[in-house]
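Down below is the structure, laid out as structure tokens.
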Amino acid sequence: MHAAVVTAFGPADVLELTELPDPAPGPGQVAIDVTHAAVGLIDVYVRQGLYKDQKGLPQPPYVPGLEVAGTVRALGDGVEGLRVGEPVVTLSGTGAEGGYASVAVVDAAMTVSLEGSGVDPASAVAAVPNAATAYLALTEVAHLKPGEHVLVHGALGGLASAFPGMARTLGAAGVTGTARRPALERARTSALPYDDVLASDDFAEAVGDRRFDIVVDPVGGQVRTDSLRVMAPMGRMLLVGNAGGDWQHTVPTNTLWGGNLAMLGFAVGHHLPNHPEQARPAARAALEAIRQGLIPIDIQTLPLSQAAEAHRRIENGSVGGKLVLAP
Ligand SMILES: NC(=O)c1ccc[n+]([C@@H]2O[C@H](COP(=O)([O-])OP(=O)(O)OC[C@H]3O[C@@H](n4cnc5c(N)ncnc54)[C@H](OP(=O)(O)O)[C@@H]3O)[C@@H](O)[C@H]2O)c1
Numbered sequence: 022m023h024a025a026v027v028t029a030f031g032p033a034d035v036l037e038l039t040e041l042p043d044p045a046p047g048p049g050q051v052a053i054d055v056t057h058a059a060v061g062l063i064d065v066y067v068r069q070g071l072y073k074d075q076k077g078l079p080q081p082p083y084v085p086g087l088e089v090a091g092t093v094r095a096l097g098d099g100v101e102g103l104r105v106g107e108p109v110v111t112l113s114g115t116g117a118e119g120g121y122a123s124v125a126v127v128d129a130a131m132t133v134s135l136e137g138s139g140v141d142p143a144s145a146v147a148a149v150p151n152a153a154t155a156y157l158a159l160t161e162v163a164h165l166k167p168g169e170h171v172l173v174h175g176a177l178g179g180l181a182s183a184f185p186g187m188a189r190t191l192g193a194a195g196v197t198g199t200a201r202r203p204a205l206e207r208a209r210t211s212a213l214p215y216d217d218v219l220a221s222d223d224f225a226e227a228v229g230d231r232r233f234d235i236v237v238d239p240v241g242g243q244v245r246t247d248s249l250r251v252m253a254p255m256g257r258m259l260l261v262g263n264a265g266g267d268w269q270h271t272v273p274t275n276t277l278w279g280g281n282l283a284m285l286g287f288a289v290g291h292h293l294p295n296h297p298e299q300a301r302p303a304a305r306a307a308l309e310a311i312r313q314g315l316i317p318i319d320i321q322t323l324p325l326s327q328a329a330e331a332h333r334r335i336e337n338g339s340v341g342g343k344l345v346l347a348p
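The sequence shown maps to residues 22 to 348 in our numbering.
Take a look at the structure:
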């Protein structure tokens, strides 16, 4: 098979196109002929070596990539409910590797059929994993109630883009986004179902008296601190990423006490392996929201041979949607 391999931790050009033996599925696994592989900021962090000491994450040489779409190539022992040739998409939760290749092996529990969904594989891999994450974060973690108001930081980001549509399907009364100034106009004119998008450097002043029941924060740092000022009593902040790169960020916990506020971490890759039964319901909710046109993510597709360029684009923040590799 063709694969893009991280040959060492370091800058994007450590990614090299290589030929490797085709992997075979073990018990409970599925081999997929990959047509599209998602690229996310997490792939960049792992390649940079940010998590090099974290248990369970790969060491070079490895094939990066968490999520793929394609057709089932072979079934491992004990796999039921999927057939060879079936179009599928996978959710994150299968480890941080294997996607940037023409054949990927993943857990059957994280593999979801696209048959009859009306969603094409590029849109599926660009939106289903993040929309399923948004669904689980909003239902299982933040317990969104109909009529609540939601604020989403880094509005155009791959993960963030899934939240306004998913929040609407769950009955949110309104969804506001924030974006840094260079991305502001793009975010305001995007088809994502935000009611409004504010500049992230002064959103806490710009919202006036409005207060939010749920804040979705994949960015961290100063926007995380500022968010505490705009949360409604009993408000919940979802800590789902750290795109801003402030790894030392802290919050004054007495602010949470006095304001009746909660901060809730959620990492789907650590959650779904412990709760595989939640994968397919979340994926079904994601596919339905996509089918309704609520998650219109801009997709950039590059050939697998340009995996390094894909990482550079993510690193310089020029994607504004989701980047997908086509093996
Ligand atoms: N919790 C989970 O299960 C889960 C799942 C997927 C991803 N994540 C995490 O979520 C975060 C975002 O991932 P993603 O794949 O959505 O990334 P992405 O597509 O690159 O989006 C990141 C967004 O963050 C915003 N941002 C603000 N300050 C930034 C800065 N200094 N540098 C870069 N971006 C900045 C950018 O928005 P503007 O330019 O519009 O401001 C950008 O659109 C990452 O930390 C990732 O690890 C978590």
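All C-beta atoms, glycine included, are put in the ideal place defined by N, C-alpha and C.
- In the DSSP assignment, residue 235 falls within the beta strand (DSSP E) that extends over 233–238.
- Here the alpha carbon of residue 64 sits roughly 6 Å from the alpha carbon of residue 86.
- About 5 Å separates the Cβ atoms of residue 311 and residue 140, confirming a contact at the 8 Å cut-off.
- Sequence-distant Cβ neighbours of residue 280 in its own chain, meaning closer than 8 Å and more than five residues away, are 249, 252, 254 and 256.
- Comparing alpha carbon positions, the residue from 108, 151 and 156 closest to residue 142 is 108.
- Residue environment: residue 174 is assigned as buried (16 or more neighbouring CB atoms within 10 Å of its CB, all protein chains considered).
- Relative to the Cα of residue 224, the nearest Cα in the group 235, 213, 215 and 201 belongs to 201.
- According to the DSSP assignment, residue 94 belongs to the beta strand (DSSP E) that extends over 89–96.
- Between residue 221 and residue 190, the gap from beta carbon to beta carbon reaches 7 Å or more.
- In the structure shown, residue 320 falls within a strand segment according to DSSP collapsed to helix, strand and coil.
- DSSP lists 90 as the bridge partner or partners of residue 57.
- Counting only the Cα atoms, residue 291 lies some 24 Å from residue 186.
- The Cβ neighbour count for residue 343, taken over all protein chains shown within 10 Å, is at least 16; the residue is labelled buried.
- The region 269–278 and the region 149–160 do not touch, with fewer than three beta-carbon pairs separated by less than 8 Å.
- Here residue 313 carries a coil assignment [DSSP, helix/strand/coil].
- For the alpha helix (DSSP H) assignment, the uninterrupted runs of no fewer than 4 residues enclosed by the region 228–315 are, from N- to C-terminal side, 243–248, 274–280, 289–292 and 300–312.
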